[in-house]
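Enquirer:
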Amino acid sequence: MTDTPKDQASEQPKLNPGDQAEPGTPGAGENICPECKGSGRIGAVPCPICGGTGTIIEGIGGG
Numbered sequence: 001m002t003d004t005p006k007d008q009a010s011e012q013p014k015l016n017p018g019d020q021a022e023p024g025t026p027g028a029g030e031n032i033c034p035e036c037k038g039s040g041r042i043g044a045v046p047c048p049i050c051g052g053t054g055t056i057i058e059g060i061g062g063g
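Number 48 in the UniProt record's numbering belongs to position 48 of the sequence shown; there are no gaps in the numbering.
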């Protein structure tokens with residue numbers, strides 16, 4: 001049985017509420033956040049949907 005490093009969770013990419021998938025997921029890509037229109041802010045605070053990045057990860061194309 002091997003021990004996992006305590007900081008292993010920090011290696012996982014942080015998902016924001018508007019993300020549908022982790023970055024790098026096949027069939028997913030970056031898009032402009034529909035809530036803040038890519039600015040990363042709503043008024044004087046960071047956008048709660050994209051976490052202030054202005055982008056979200058969502059499914060693209062498909063079939």
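All C-beta atoms in this analysis are idealised placements derived from N, C-alpha and C, irrespective of residue type, glycine included.
Does the Cβ of I60 have 16 or more other Cβ atoms within 10 Å, making it buried, or fewer, making it exposed?
Expert: Translated into positions along the sequence shown, residue 60 becomes position 60. Answer is exposed; the Cβ neighbour count stays below 16.
Enquirer: Just tell me which of C33, G24, P26, T25 has its CA closest to the CA of P17.
Expert: Along the sequence shown, read from residue 1 onward, the residue named residue 17 stands at position 17. It is C33 whose Cα lies nearest to the Cα of P17.
Enquirer: Along the chain, where does the beta strand (DSSP E) containing I57 start, and where does it finish?
Expert: Here residue 57 corresponds to residue number 57 of the sequence shown, with the count starting at 1. Unbroken beta strand (DSSP E) run through I57: 55-59.
Enquirer: So, P46 versus G38, is the Cβ gap smaller than 9 Å?
Expert: Here residue 46 refers to the residue found at position 46 when the sequence shown is read from its first residue. Here residue 38 refers to the residue found at position 38 when the sequence shown is read from its first residue. Contact: no.
Enquirer: Go through its chain and collect everything with a Cβ distance to E22's Cβ below 6 Å, but skip five positions before and after it.
Expert: Looking up residue 22 in the sequence shown gives position 22. Only P13 meet the Cβ criterion.
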